Amino acid sequence: KQEVTQIPAALSVPEGENLVLNCSFTDSAIYNLQWFRQDPGKGLTSLLLIQSSQREQTSGRLNASLDKSSGRSTLYIAASQPGDSATYLCAVRFANAGKSTFGDGTTLTVKP
Amino acid sequence: KAGVTQTPRYLIKTRGQQVTLSCSPISGHRSVSWYQQTPGQGLQFLFEYFSETQRNKGNFPGRFSGRQFSNSRSEMNVSTLELGDSALYLCASSLRISQEYYNEQFFGPGTRLTVL
Chain A
1170 KQEVTQIPAA LSVPEGENLV LNCSFTDSAI YNLQWFRQDP GKGLTSLLLI QSSQREQTSG
1230 RLNASLDKSS GRSTLYIAAS QPGDSATYLC AVRFANAGKS TFGDGTTLTV KP
Chain B
361 KAGVTQTPRY LIKTRGQQVT LSCSPISGHR SVSWYQQTPG QGLQFLFEYF SETQRNKGNF
421 PGRFSGRQFS NSRSEMNVST LELGDSALYL CASSLRISQE YYNEQFFGPG TRLTVL
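Residue numbers (the numbering used here), protein chains in the order written: chain A, 1170 to 1281; chain B, 361 to 476.
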């Protein structure tokens, strides 16, 4: 079964800390992996998309890596800010699945 | 460039009624996917439409249906509503290049459906 797991479910850090969010998936045959953030009651905001042929993507203070062989992706957030507080979701488009499969997310709280 | 829009934003219905939700994708995007989000089940895929055809379908009962128009706008319909259908319904659009190559998915703000 193709599954996506995000651990931990919740994370609290002080402002300014660098942090890593994890995403694991059960099948290395993927088309792409996308990271999103979701604020309470809102839709999803796309952060980074990594295609199957890529190893990492960067946008501002965010860096996402992809290791298909181990079934893992990480989202690195540098110099965290209170405005980064949100739920972070990863979505994997498995080959031949015809859809994206989402993890349950990691809820991040950055304390001032 | 306008983002993905969804209407209405909020809906309150009673059991047994039916509901239609609308999604307008980003201009130029022909792929529209629908998801249901609940606290217990997380984000679950409903279906994807591309060029007016349903390409993929999730594991939902036949009460959930959808369609896509020639301008890529999409609607989903839920008939005979049940209490468990209360959820945030999200649609996403993307520039689907091929079966293997999808560009970024962009999500709308969602429609919050409450079934009483």
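Each residue gets a CB set at the ideal place from its N, CA and C atoms; glycine is no exception. Note that the coordinates shown come from a computational prediction; the quantities given were computed from them, not determined experimentally.
- Its chain contains Ser-1193, Phe-1194, Thr-1195, Asp-1196 and Ser-1197 as the residues whose beta carbon lies nearer than 8 Å to that of A/Gly-1240, once the 5 sequence neighbours on both sides are disregarded; these appear in chain order.
- With its beta carbon at least 7 Å from every one in chain A, B/Leu-406 lies outside the interface.
- If you look at B/Tyr-449, you'll find it in the beta strand (DSSP E) that goes 447–456.
- Secondary structure at B/Gly-426: strand, using DSSP grouped into helix, strand and coil.
- In this structure, the alpha-carbon of A/Ser-1228 lies about 35 Å from that of B/Ser-446.
- The beta-carbon of A/Ser-1197 is placed no less than 7 Å from the nearest beta-carbon of chain B.
- Annotation: Cβ neighbours of B/Arg-415 in chain A (cutoff 9 Å, chain order): Gly-1267.
- For B/Phe-466, the residues of chain A that pass the 8 Å Cβ criterion are Ser-1215, in the order they occur in the chain.
- Interface with chain B (7 Å Cβ-Cβ cutoff): A/Phe-1271 is included.
- Contact between the stretch 430–449 of chain B and the stretch 378–389 of chain B is present: three or more C-beta pairs spanning the two stretches fall below 8 Å.
- Separation of B/Gly-376 and B/Tyr-409 (C-alpha to C-alpha, rounded to the nearest whole angstrom) is 26 Å.
- Residues of chain B whose Cβ lies closer than 7 Å to the Cβ of A/Gly-1212 are, in chain order, Leu-450, Phe-467, Gly-468, Pro-469 and Gly-470.
- Cβ neighbours of A/Ser-1254 within its own chain (closer than 8 Å, five residues either side excluded): Leu-1277, Thr-1278 and Val-1279.
- Pairing A/Val-1173 with A/Thr-1270 gives a Cβ-Cβ distance under 7 Å.
- Boundaries of the beta strand (DSSP E) around A/Phe-1205: 1199–1207.
- The beta carbon of B/Leu-473 sits no closer than 7 Å to any beta carbon of chain A.
- Residues of chain A with a Cβ closer than 9 Å to the Cβ of B/Gly-402 are, in chain order, Leu-1258, Phe-1271, Gly-1272, Asp-1273 and Gly-1274.
- Residue contact with chain B for A/Leu-1218: present (Cβ-Cβ distance below 7 Å to some residue of chain B).
- Distances from the alpha-carbon of A/Ala-1233 to those of A/Pro-1209, A/Asn-1201 and A/Gln-1250 put A/Asn-1201 closest.
- Nearest C-alpha to A/Leu-1231 among A/Tyr-1245, A/Gln-1223, A/Leu-1218 and A/Ile-1199: A/Tyr-1245.
- The residues Arg-390, in chain order, have a CB closer than 7 Å to that of B/Ser-411 in the same chain once the five nearest residues on each side in sequence are set aside.
- Listed along chain A are Lys-1268, each with a C-beta nearer than 8 Å to that of B/Gly-418.
- When DSSP states are grouped into helix, strand and coil, A/Gly-1252 belongs to the helix group.
- Between B/Asn-416 and A/Gly-1267, the C-beta spacing is below 7 Å.
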